[in-house]
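In our numbering, the protein residues as written are 461 to 994.
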């Protein structure tokens with residue numbers, strides 16, 4: 461980690477709230493259980509970037525065992541770290557010899573070499589000889605120029621052929637220093653390939669083609685049970701190639717038991733992954749939240765992917781999503797089934813309002829509908845301060861006189877329940893007020909048309925009361941205002957265990973949804989609300 465993430469005067473690692481650290485868990489065979497390991501930047505004599513193992517810390521709610529109870533560990537007060545081969549596949553490093561010299565080298569002319577092209581022509585002669593003769597050594601001024609010269613396995617050629625939908629019969633990767641003067645540029649790779657009868661190097665290849673060859677070769681040659689870290693492999697790849705690359709990764713995981721972690725913005729890459737395999741990073745103010753167990757389709761909104769042919773309804777959590785999908789499925793309406801997609805956006809109501817709804821208002825998205833939980837309802841139709849701006853129970857900008865433009869911030873806060881920060885241009889620290897007012901009024905109208913509330917405070921509260929009524933349980937909700945404790949206890953009883961997970965609770969809530977009868981007033985209310993979108 462320290463090789464890629466370290467502190468400098470320009471990019472400082474903030475340690476105001478304590479030293480940076482990480483905690484990971486793995487299954488310890490000797491202990492026959494999952495164990496946690498804590499590592500942190502020590503800043504000791506071993507260097508600022510040394511990550512040192514620490515004993516479990518109570519401040520992180522880690523389990524602390526008595527000394528000598530860490531079975532199979534070399535230490536008496538902590539678990540040993542996991543031993544795993546790590547393969548870094550950083551696409552920033554997959555820069556070919558030609559690209560590195562041609563685009564990043566400060567070339568200086570001499571009488572025999574007036575341009576970069578002249579230099580490459582001269583040095584390409586020994587490169588061509590090395591490739592042709594498959595030699596492993598070439599010296600220049602008594603210095604070795606060849607680091608490695610490898611003809612890739614037929615398996616790699618077959619995989620690349622499948623991913624790129626081409627026919628590669630030969631691929632050779634030469635790591636050398638010939639495209640440099642002196643030692644001021646690191647050894648880099650020339651990729652020679654034979655495809656459909658044509659022979660050429662990375663200089664004539666597309667960026668994505670060269671990168672995918674290096675990437676696949678690294679993964680194929682990784683030893684079994686490796687941890688493989690891949691940074692945005694979709695760069696410069698055609699969508700169909702991304703799908704095939706994903707299939708290759710899954711097959712390698714099965715064959716060689718790898719653990720692969722990918723960072724990506726590609727919906728093609730995460731499509732059809734199990735929810736347990738997807739983690740969504742969401743900006744929340746100055747922090748970044750990690751949302752786990754999220755359906756790949758529910759991450760599409762954050763990744764900027766949209767459905768243009770169907771109406772999208774966004775809700776706060778997956779239980780609300782499941783309830784709406786239940787009503788749609790049992791509505792008997794093909795129109796609702798074919799033309800509605802329900803998604804949830806992690807992060808809570810404020811996150812949705814200040815980011816997703818605001819951004820949709822900028823884009824004037826006409827197929828995005830946001831249904832917030834009923835406990836977020838600001839009841840604008842009952843507000844004395846907004847009475848003059850109402851039409852059909854909602855505030856619209858045409859009802860707000862220009863003289864009240866100075867109050868738009870306050871009006872929006874009354875409508876939404878939270879302050880909204882609008883991004884506008886400016887000059888010398890002064891905001892462009894004309895632009896600001898236009899965006900504020902546009903937001904008000906967008907909210908009136910596309911934002912509404914579910915007919916219950918929270919999904920948990922509605923379902924808990926429904927179950928309590930149907931099953932005649934007589935549960936006391938006086939100390940459980942949102943129904944969360946109800947479902948926690950109900951799940952513990954159903955499973956017969958104390959330690960339950962959020963997924964266990966969600967499965968119990970899903971079973972509760974089946975108690976919603978199509979003839980009930982709540983079912984009909986939601987159905988009518990859905991039908992009103994058309």
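All C-beta atoms, glycine included, are put in the ideal place defined by N, C-alpha and C.
According to the neighbour-count rule (16 or more other Cβ atoms, all chains shown, within 10 Å of its Cβ), is residue i buried or exposed?
i: residue 806; result: buried
i: residue 891; result: exposed
i: residue 664; result: exposed
i: residue 713; result: exposed
i: residue 539; result: buried
i: residue 878; result: exposed
i: residue 1006; result: Any answer about residue 1006 is impossible in this case: the structure gives the chain only from 461 up to 994.
i: residue 561; result: buried
i: residue 579; result: buried
i: residue 779; result: buried
i: residue 951; result: buried
i: residue 943; result: buried
i: residue 501; result: buried
i: residue 900; result: buried
i: residue 464; result: exposed
i: residue 747; result: exposed
i: residue 798; result: exposed
i: residue 992; result: exposed
i: residue 594; result: exposed
i: residue 693; result: buried
i: residue 636; result: buried
i: residue 750; result: exposed
i: residue 953; result: exposed
i: residue 924; result: buried
i: residue 904; result: buried
i: residue 1018; result: Nothing in the structure corresponds to residue 1018, since the chain is present only between 461 and 994.
i: residue 839; result: exposed
i: residue 588; result: exposed
i: residue 662; result: buried
i: residue 706; result: buried
Keeping to the same chain, check which residues put their C-beta closer than 8 Å to that of residue i; ignore five residues upstream and five downstream.
i: residue 945; result: 939
i: residue 859; result: 848, 849, 850 and 851
i: residue 841; result: 850, 853 and 854
i: residue 542; result: 484, 486 and 497
Ignore the nearest five residues each way along the sequence and tell me which others in residue i's own chain have a CB closer than 7 Å to its CB.
i: residue 590; result: 598, 606, 609 and 634
i: residue 709; result: 720
i: residue 420; result: Because the chain spans 461 through 994 in this model, residue 420 falls outside it and cannot be assessed.
i: residue 782; result: 970 and 973
i: residue 641; result: none
i: residue 586; result: 598 and 638
i: residue 736; result: 753
Per DSSP, which residues does residue i bridge with? Please list them.
i: residue 978; result: Its beta-bridge partners do not exist; DSSP assigns none.
i: residue 500; result: 481 and 512
i: residue 556; result: 649
i: residue 828; result: 772
i: residue 573; result: 570
i: residue 549; result: 690
i: residue 604; result: 599
i: residue 991; result: Answer is none; residue 991 lacks a bridge partner.
i: residue 850; result: 855
i: residue 421; result: Summary: the structure shown does not reach residue 421, with the chain confined to residues 461 through 994, and so no result is reported for it.
i: residue 912; result: 831
i: residue 470; result: None, per the DSSP bridge assignment.
i: residue 611; result: 632
i: residue 530; result: According to DSSP, residue 530 bridges with nothing at all.
i: residue 494; result: 487
Considering only residues of the same chain and omitting the five flanking positions on each side of residue i, which have a CB-CB separation below 6 Å?
i: residue 872; result: 880
i: residue 499; result: 482, 511 and 513
i: residue 791; result: 987
i: residue 685; result: 717
i: residue 916; result: 834 and 922
i: residue 611; result: 632
i: residue 648; result: 557 and 560
i: residue 876; result: 813
Does the beta carbon of residue i come closer than 8 Å to any beta carbon on chain D?
i: residue 856; result: Structure shown: chain D not included; a single protein chain is present.
Unbroken stretches of the beta strand (DSSP E), 3 residues or longer, contained in the stretch 623–691: 628–636, 648–655, 658–661 and 687–691
Would you mind listing the beta strand (DSSP E) stretches within the stretch 880–908 that are 3+ residues and don't spill past its ends, in chain order? none
For the stretch 615–632 against the stretch 649–666, do three or more pairs of beta-carbon atoms, one drawn from each stretch, fall closer than 8 Å, so that the two count as touching? yes
What are the uninterrupted segments assigned as beta strand (DSSP E) that are 3 or more residues long and contained completely in the stretch 705–742, given in chain order? 719–723
Touching by the beta-carbon criterion (3+ pairs, under 8 Å), the stretch 769–779 and the stretch 828–844: yes
I want to know whether the stretch 689–703 touches the stretch 714–733 - three or more CB-CB distances under 8 Å. yes
What beta strand (DSSP E) runs, 3 residues minimum, are completely inside the stretch 936–964? none
Could you tell me whether the stretch 818–827 touches the stretch 905–915, where touching means 3 or more Cβ pairs closer than 8 Å? yes
What residue ranges within the stretch 771–828 form continuous alpha helix (DSSP H) runs of no fewer than 4 residues, ordered along the chain? 778–789, 794–799 and 818–823
I'd like to know if the stretch 548–558 and the stretch 514–532 are in contact, where contact means that at least 3 CB-CB pairs between them fall below 8 Å. no
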